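Inspection log for the structure reproduced underneath, given as structure tokens.
Number of protein chains: 2
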Amino acid sequence: MSAQEQPRFENRTLREQVFEHLREEILSARLAPGTELHEVALAESLGISRGPLREALGRLAAEGLVTIRPRRGAVVTRFTQQEFIEAYQVREALESLAIRLAVPRLTDEDRTHLHTLAAQMVEHAERDDASAFFRVNREFHRAFVLASGNERLCDMHEQLLNQMGRLLSKSLELRGSLQQSVAEHRDILEAVDAGEPERAARLLEAHIEVPSRLLDSPEAADLFES
Amino acid sequence: MSAQEQPRFENRTLREQVFEHLREEILSARLAPGTELHEVALAESLGISRGPLREALGRLAAEGLVTIRPRRGAVVTRFTQQEFIEAYQVREALESLAIRLAVPRLTDEDRTHLHTLAAQMVEHAERDDASAFFRVNREFHRAFVLASGNERLCDMHEQLLNQMGRLLSKSLELRGSLQQSVAEHRDILEAVDAGEPERAARLLEAHIEVPSRLLDSPEAADLFES
DNA sequence: CGCGTGTCATCTGTTGACCCCCGACGGGCG
DNA sequence: CGCCCGTCGGGGGTCAACAGATGACACGCG
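From first to last, the protein sequence lines stand for chains D and A.
All residue numbers for the first sequence refer to our numbering, where the first residue is 1 and numbers rise by one.
All residue numbers for the second sequence refer to our numbering, where the first residue is 227 and numbers rise by one.
Written as structure tokens, this is what we have:
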């Protein structure tokens, strides 16, 4: 075989290894949306058989990262603008629930962690480092979900963000300046520190809704191929 | 082969047929939680090979209906009390979003349909027909999700309710009398007819929260085996 | 008598090959 | 000239067999 060297698989079952490998490839945009995934070719290039690959593709399909057209093979899922807006709405609901659950449970460590993340975002915003800002921003939002103590909520939220994938970082740029986002984070943290879950939730909803509204604008259209 | 007669599979791919068959078996509680699913035996009893069966089990695992223990086989998922409470919280958030999206979009047909369902629930409550009440109740809640126009929300909601499965109908009985539920539905519909999404959402949240609170009580513990 | 270890059966994980369906292409008919 | 139908190729769907691992049972040692 030719290309068996690059992916260095080890301990776990092949299906899981392939699953996570492809997941990573898709999330990092090395596999562009719309890419057709031929089973034979893919299996051969990974140095495995079609069985585990098919199961991995099935799992990816269940998570919404690939679309399986019966008898016609798998394709990396391509999001429409409408679907992206829908995902944004659900995300808003999930994170709103998360922050309401999280605020009464936050430890002092949690709060200092949140403030640290917020401070990092301020720095990155000043440097206009959008990608670093995006990374920390995602961690910031995720912190509330983790602190909610709701395992299922956590899973669904992560799955949703994964599906929204790299479009998410681009939608951040739609906001124009990162300063507004920073200010909104500050307001949210203030409500959190004051121990007011409902106010924090309302602020968070408004915060998430910003790019969502912008998605309706015509400038957003070119984020979506096809 | 011996047992190829009972399940009459036809057109679609085996994987999907098996998937939906097992899904139905689990949701109808013909397969009790905790049941071990041996691949060879199951495949033989269905008159198929292990390949499609494994893929179907993988999909069921992704939907949370079965749990796959590596190298140890698949088991029909057994919910803990904690997990059920978590699912209830997420459900509340999803339906709250759904009704807020749905109210401004409701057609006249939608409203009459909702009132029809509410009327049916009144009847079933008077007859103390809990199972019929439960069925209509589920349809009532689902109506809002469908009317939200958010496809993804719809999928996630259905998946969540499926996972909660038959515990859901039992949790309804925790309410004690069905009358309170009927009254809450009436209040919700009133807010819906008045075109007040926020009030409807708050009422719906309170409505869903009722069994959720009861789940903490010790009487609820015996709903969960293990 | 209890604990650790070696063996064994059984089931999952994986493989490679076969079958059939779907979509495309080309020829014939209206 | 355009539409319909038959044929052909490619690729997904399915199957039966191999191999590795896991949990259980039993034997032997302390």
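All residues carry an ideal CB built from backbone N, CA and C; glycine is no exception.
Predicted model, so just to flag it, every value in this text is computed and none were measured.
In terms of Cβ geometry, residue 164 of chain D and residue 93 of chain D do not form a close pair [threshold 7 Å]. Scanning its chain for C-beta atoms nearer than 7 Å, with the 5 sequence neighbours on each side dropped, one finds around residue 153 of chain D the residues 94, 97, 98, 145, in chain order.
With a 10 Å radius around the Cβ and a threshold of 16 neighbouring Cβ atoms, residue 90 of chain D comes out buried. Residue 74 of chain D carries a strand assignment under DSSP once its states are collapsed to helix, strand and coil. Residue-level contact by beta carbon fails for residue 255 of chain A and chain D, as no gap is shorter than 7 Å. Taking all protein chains shown into account, residue 367 of chain A has 16 or more neighbouring C-beta atoms within 10 Å of its C-beta and is therefore buried. Counting other Cβ atoms within 10 Å of its Cβ, residue 201 of chain D reaches 16 or more and is therefore classed as buried.
Interface with chain D (7 Å Cβ-Cβ cutoff): residue 321 of chain A is excluded. Residue pairing for residue 66 of chain D: DSSP places it in a beta bridge opposite D/76. Residue A/249 holds the alpha-carbon nearest to the alpha-carbon of residue 282 of chain A among A/249, A/326, A/429. Assignment of residue 174 of chain D by DSSP, reduced to helix, strand and coil, places it in the coil class.
Residue 422 of chain A sits in coil when the DSSP states are folded into three classes, being neither helix nor strand. The bridge partners DSSP lists for residue 262 of chain A are A/301.
Residues of the stretch 42–55 of chain D that bring their beta carbon within less than 8 Å of a beta carbon in chain A comprise 51, 54, 55, in sequence order. Of A/363, A/337, A/332, the smallest CA-CA separation from residue 347 of chain A is found for A/363. Contact annotation, residue 168 of chain D with residue 81 of chain D: C-beta distance approximately 14 Å; criterion of less than 8 Å not satisfied. The distance from the Cβ of residue 385 of chain A to that of residue 289 of chain A is about 6 Å, consistent with a contact at the 8 Å cut-off. Neighbourhood of residue 327 of chain A in chain D, by CB distance below 8 Å: 89, in chain order. Chain A has a Cβ within less than 7 Å of the Cβ of residue 152 of chain D. Note that the C-beta distance between residue 199 of chain D and residue 191 of chain D is below 7 Å. With a threshold of 7 Å between beta carbons, residue 431 of chain A makes no contact with chain D. Contact between the stretch 120–134 of chain D and the stretch 336–355 of chain A is absent, with fewer than three C-beta pairs closer than 8 Å. Across the structure, residue 115 of chain D and residue 147 of chain D are spaced so that their CA atoms are roughly 15 Å apart. Separation of residue 68 of chain D and residue 361 of chain A (C-alpha to C-alpha, rounded to the nearest whole angstrom) is 32 Å. The count of Cβ pairs closer than 8 Å, one atom from the stretch 327–346 of chain A and one from the stretch 399–415 of chain A, reaches three, so the stretches are in contact.
Residue 50 of chain D has its alpha-carbon roughly 13 Å from the corresponding atom of residue 278 of chain A. Its chain contains 92 as the residues whose beta carbon lies nearer than 7 Å to that of residue 209 of chain D, once the 5 sequence neighbours on both sides are disregarded; these appear in chain order. Note that the C-beta distance between residue 437 of chain A and residue 326 of chain A is not below 7 Å. Proximity of residue 166 of chain D to chain A, defined by a Cβ-Cβ separation below 7 Å, is not satisfied. Exposed is the label assigned to residue 34 of chain D, since fewer than 16 other Cβ atoms lie within 10 Å of its Cβ.
Non-local C-beta neighbours of residue 258 of chain A in its own chain, meaning closer than 7 Å and more than five positions away in sequence, comprise 302, ordered along the chain. Interface annotation, residue 62 of chain D: in contact with chain A, CB-CB separation under 7 Å. Per the C-alpha coordinates, the member of A/388, A/397, A/443, A/410 positioned closest to residue 292 of chain A is A/388. Taking a Cβ-Cβ cut-off of 7 Å, residue 121 of chain D has no neighbours in chain A, whose nearest Cβ is about 26 Å from it. Residue range 307–328 is occupied by the alpha helix (DSSP H) that includes residue 325 of chain A.
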